[in-house]
Amino acid sequence: MAHFEKAHSLEEWLDQRLAIKTLRRVLAEEYWIPKNINFLWAMGMVLAVTFGILVVSGIFLLCYYQPNVNLAFDSVNYTIMQEVEFGWLWRHMHAVAASVVFLIIYIHMFTGIYYGSYKKGRELIWISGMLLFVSFSAEAFSGYMLPWGQMSYWAGMVITNLFSLGSLELNGLVEWIRGDYVPGQAFLNRFFMLHVFLMPLIIMALIGLHFGTLRIPHVNNQDGEEIDFEEESKKYLAGKRREAKVIRFQPDFLSKDMFVVSIFLIFFFYLVFWHYDFAMDPINFDPADPLKTPPHIYPEWYFLWSYEILRPFPKDPGLVAFGFAQVIFFFLPFLDKSPNVAPANRRGPFKYWFWILLVDMIVLTMMGKLPPQGIYSTIGLVAAVVFIVLWIILPVVTKKEKAV
Amino acid sequence: MKELKILAVVVFFTLLTYWGIEPYAHSVMHKHVESEGFTYKDLKPLSKKGDPAKGAQTFMNAGCIGCHGVKSQGMPAPMDPNAAAASFGVNPPDLSNAGAVYDERFLADLIANPEHALMVEHKFSKMGRAFPMPAFYGTGGDKEQEIADIVAYLKSIAKKPEEITPKEAFETACGRCHAMHYDKWTQIGERPKFKHEIDAIKFQEKVVDYQDKLTKYLGKLPPDLSMYIRSRGEHYLSTFMENPQNLLPGTAMPRVGVNKESAEKVIEYMADVGDSKRHERDSVGKIVMIYLFIFAFLAYLWKQSIWKELH
Numbered sequence: 335m336a337h338f339e340k341a342h343s344l345e346e347w348l349d350q351r352l353a354i355k356t357l358r359r360v361l362a363e364e365y366w367i368p369k370n371i372n373f374l375w376a377m378g379m380v381l382a383v384t385f386g387i388l389v390v391s392g393i394f395l396l397c398y399y400q401p402n403v404n405l406a407f408d409s410v411n412y413t414i415m416q417e418v419e420f421g422w423l424w425r426h427m428h429a430v431a432a433s434v435v436f437l438i439i440y441i442h443m444f445t446g447i448y449y450g451s452y453k454k455g456r457e458l459i460w461i462s463g464m465l466l467f468v469s470f471s472a473e474a475f476s477g478y479m480l481p482w483g484q485m486s487y488w489a490g491m492v493i494t495n496l497f498s499l500g501s502l503e504l505n506g507l508v509e510w511i512r513g514d515y516v517p518g519q520a521f522l523n524r525f526f527m528l529h530v531f532l533m534p535l536i537i538m539a540l541i542g543l544h545f546g547t548l549r550i551p552h553v554n555n556q557d558g559e560e561i562d563f564e565e566e567s568k569k570y571l572a573g574k575r576r577e578a579k580v581i582r583f584q585p586d587f588l589s590k591d592m593f594v595v596s597i598f599l600i601f602f603f604y605l606v607f608w609h610y611d612f613a614m615d616p617i618n619f620d621p622a623d624p625l626k627t628p629p630h631i632y633p634e635w636y637f638l639w640s641y642e643i644l645r646p647f648p649k650d651p652g653l654v655a656f657g658f659a660q661v662i663f664f665f666l667p668f669l670d671k672s673p674n675v676a677p678a679n680r681r682g683p684f685k686y687w688f689w690i691l692l693v694d695m696i697v698l699t700m701m702g703k704l705p706p707q708g709i710y711s712t713i714g715l716v717a718a719v720v721f722i723v724l725w726i727i728l729p730v731v732t733k734k735e736k737a738v
Numbered sequence: 107m108k109e110l111k112i113l114a115v116v117v118f119f120t121l122l123t124y125w126g127i128e129p130y131a132h133s134v135m136h137k138h139v140e141s142e143g144f145t146y147k148d149l150k151p152l153s154k155k156g157d158p159a160k161g162a163q164t165f166m167n168a169g170c171i172g173c174h175g176v177k178s179q180g181m182p183a184p185m186d187p188n189a190a191a192a193s194f195g196v197n198p199p200d201l202s203n204a205g206a207v208y209d210e211r212f213l214a215d216l217i218a219n220p221e222h223a224l225m226v227e228h229k230f231s232k233m234g235r236a237f238p239m240p241a242f243y244g245t246g247g248d249k250e251q252e253i254a255d256i257v258a259y260l261k262s263i264a265k266k267p268e269e270i271t272p273k274e275a276f277e278t279a280c281g282r283c284h285a286m287h288y289d290k291w292t293q294i295g296e297r298p299k300f301k302h303e304i305d306a307i308k309f310q311e312k313v314v315d316y317q318d319k320l321t322k323y324l325g326k327l328p329p330d331l332s333m334y335i336r337s338r339g340e341h342y343l344s345t346f347m348e349n350p351q352n353l354l355p356g357t358a359m360p361r362v363g364v365n366k367e368s369a370e371k372v373i374e375y376m377a378d379v380g381d382s383k384r385h386e387r388d389s390v391g392k393i394v395m396i397y398l399f400i401f402a403f404l405a406y407l408w409k410q411s412i413w414k415e416l417h
């Protein structure tokens, strides 16, 4: 056993047993961050804060929510919203954060694509991030089921139907997933478990992994410049802070993070108090009714683009296209053949590729909500084809790119 | 400056996406119905000035109280709700406050031609069924004058419009067909507190019995309205009340015929029940915003103080 001196402060006492000083140095004070990064790099912290809000508000909601098909709707809309003190606040924070977290994830993803932050040594950052995106999707979907509203029920019906895999007609699989022929008590219990236990656990593990993947390659910067972190950190520690290309995570970058977070929170709470309904489909305020189909069934806004890749095609090709859209982002680091780590606007045809992808996904999102008729289906079909073609031509487009 | 440019790009694409999936998609999926301001222009205006005293007589002679109660005048309903529903399909309304809640033109037209005023021809005469309320053919004098008198009478006995509470407006206009279980309202009245479970069960039996009759009469049990303020929103509710056929062609729901003030009260009541914390939301929101602006200001100062040594 190690030898222990008498400690003169709590910090010292803990340090002897937990090495908290080393921990703080490695995780915060000497975790080096490039100096030339803009506020888009603070989205990670914004996401961490939003996830924190989701967990805390979720715990409060969990105290009163009833995972029972007869009680769920009223436990949310009456007990939590009206009887529990400030239940409405937790509920709106939870619902708005669930939606806003996807907006920030998309900004975070497109930032990564724009600056080439997935390349050369940073592949695992990208892949772990995509795993987080998929887990958040499962978390959001399972949570959407819980109020047992009309759209919860029918979205649950439609999404679980996808598992019959088109012409394969694996209806047994669908029923196995639901635990019944239609969404019912077993279905609600399962999604409740997934939402409050299994998915959060997976997400927290993946957040740990995502942070871990950053440690060795370090975060990218605005110019895609390869920084010698060892060399630059020495300069910083020697007091040449203005010359050094790196800064400490804490407090240097954290101070910028917190400012961005504070602006984000103003936007977030504005939505919570005065525009909470943007994130909540009015149809979901009708209790689930298995005998009445809503006129239009559509997912929440953050799934609309992938829904629209499924919808304009015939059954089987649609499913293949949908599957393609779900996994293709994972392969981005390997499909981009260019040697450059640089912002898209300094690269060759990739700069057009980036903006076309962004606009195409917004078009898909809009069409995904509109009824699939007339001009909207045509635009949706074209946008879905463009999406697939973009990914197929990516290796060709980037291979020819000259080094910058 | 560069960061502001980046922010502008992010905000632009965010707003574009928002516009597409909210206001735009909404405008395509839901037909916009303009409010007619509760003017009921398709109904004939009253041409004569009514006399309440004569109206009271005509009201009695015409046999209105054979079906309707006027509790405020000591005339209880001739039948309890369940018995009435057995005869008519629905419990005929108590008319104590009809003069305050309903529009004058609507009342006059309702007396002369109930099916038309209520816009339920498609469910009755056109289907070969008789509407339970017979049209008023006059008691021998000038029919238009008599109708004007009855309307004047109903107005004279009703509470003043400003004294009608939001809940009373709802009960009169909607409460015989729609439940509001977040406020313990059933189609046969408010659910009392019972000391013995057997009484609660007996009451529930009456409610279910009434609902069954209503379902038979309308083809479908009218929905509970507890959450309608959030699932439909004010504009939909208001225009729907004004003319249900506009938004849901073929629906069994009759035109309600309320005046503008009562419509606003009905909506206020629905908001009180379905969105009871809306005032608290606003006041708490302001405090949280003040806190956050201070927080943002301090965060900015902290960032400046640290970064001045870095640049």
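Chains as they are written, first to last, in the numbering used here: chain R, 335 to 738; chain U, 107 to 417. Quick reminder that beta carbons are idealized off the backbone N, C-alpha and C, glycines included. Just so you know, these numbers come straight off a predicted model, no measurement behind them.
_Cβ-Cβ separation, F688 of chain R to Y448 of chain R (assumed contact under 8 Å), whole Å_ = 6 Å
*Quick one: which residues of the region 109-133 of chain U get their C-beta closer than 8 Å to a C-beta of chain R? List them in chain order.*
E109, I112, L113, V116, F119, T120, L122, T123, Y124, G126, I127, E128, Y130, A131
*Are three or more beta carbon pairs between the region 342-355 of chain U and the region 619-629 of chain R nearer than 8 Å?*
no
*Apart from the five residues just before and just after A659 of chain R, which ones in its own chain have a Cβ nearer than 6 Å to its Cβ?*
S640, I643
*Hey, G657 of chain R and K734 of chain R are a contact pair by Cβ (cut 8 Å); roughly how many whole angstroms apart?*
With 8 Å as the limit, G657 of chain R and K734 of chain R do not qualify as a contact, their Cβ atoms being about 29 Å apart.
*Taking just the CA atoms, how far does G483 of chain R sit from F407 of chain R?*
6 Å
_With three or more C-beta pairs closer than 8 Å as the rule, is the region 491-501 of chain R touching the region 358-370 of chain R?_
no
_Is T699 of chain R close to chain U? Criterion is C-beta to C-beta, closer than 8 Å._
yes
*asked:* With H, G and I counted as helix, E and B as strand and the rest as coil, what does DSSP make of P551 of chain R?
replied: coil
*Excluding sequence positions up to five away, which residues of its chain have a Cβ less than 6 Å from the Cβ of L724 of chain R?*
L691
_With a threshold of 8 Å between beta carbons, is V176 of chain U in contact with chain R?_
no
_Is the separation between the beta-carbon of R456 of chain R and that of N554 of chain R shorter than 8 Å?_
yes
*Flag this pair as yes or no: are the beta carbons of G363 of chain U and F119 of chain U separated by less than 8 Å?*
no
*In terms of alpha-carbon separation, which member of U:W291, U:Y316, U:G180 lies closest to P187 of chain U?*
U:Y316
*Out of curiosity, what's the CA-to-CA distance linking I597 of chain R and W413 of chain U?*
18 Å
_Distance check for I696 of chain R and L704 of chain R, CA to CA, integer angstroms please._
13 Å
*At a Cβ cut of 7 Å, what residues of the region 358-383 of chain U count as close to chain R, listed as they run along the chain?*
S382, K383
_Do L224 of chain U and R338 of chain U count as a contact pair if the criterion is CB distance below 8 Å?_
no
*Selected residue, minimal CA-CA separation from L344 of chain R, among R:I726, R:I354, R:K568*: R:I354
_Contact between the region 176-190 of chain U and the region 399-411 of chain U is defined here as three or more beta-carbon pairs at a separation below 8 Å; is this criterion met?_
no
*If the cut is a Cβ gap below 8 Å, which residues of chain U does W422 of chain R touch?*
K383, E386, R387
*Considering only residues of the same chain and omitting the five flanking positions on each side of M377 of chain R, which have a CB-CB separation below 6 Å?*
I438, I441, H442
_Give me the chain U residues within the contact set of S480 of chain R, using Cβ-Cβ distance strictly less than 7 Å, ordered along the chain._
The residue asked about is misnamed: residue 480 of chain R is Leu in this sequence, not Ser. In chain order: nothing, as chain U lies at least about 16 Å away.
_Inter-stretch contact (C-beta, 8 Å, three-pair minimum) for the region 198-212 of chain U and the region 306-322 of chain U_ = no
*How is the alpha helix (DSSP H) around W510 of chain R delimited, first residue to last?*
505-512
*chain U within 8 Å of Y449 of chain R, Cβ atoms only*: no
_Any chain U beta carbon closer than 8 Å to D620 of chain R_ = yes
*So W347 of chain R is in the alpha helix (DSSP H); what residue range does that whole segment cover?*
344-352
*With G368 of chain R as the anchor, note down where its beta strand (DSSP E) starts and where it stops.*
Note that residue 368 of chain R is Pro in the sequence shown, not Gly. Here the beta strand (DSSP E) through P368 of chain R covers 366-368.
*Counting Cβ pairs, one atom from each stretch, are 3 or more of them under 8 Å apart for the region 322-340 of chain U and the region 270-289 of chain U?*
yes
*For R425 of chain R, which of R:G652, R:I367, R:M538, R:A613 has the nearest alpha-carbon?*
R:A613
*Ordered along the chain, which non-local residues of its own chain (more than five positions away) have a Cβ less than 8 Å from that of F663 of chain R?*
M443, M464, F467
*Indicate whether at least one CB of chain U lies closer than 8 Å to the CB of W488 of chain R.*
no
*Within 8 Å (strictly less), CB to CB, does P311 of chain R reach chain U?*
Given that chain R is displayed from residue 335 to residue 738, the structure contains no residue 311 of chain R and the question cannot be resolved.
*Since R576 of chain R meets chain U, which of its residues come closer than 8 Å, beta carbon to beta carbon?*
E415, L416, H417
*By how many angstroms is the C-alpha of A218 of chain U removed from the C-alpha of A191 of chain U?*
23 Å
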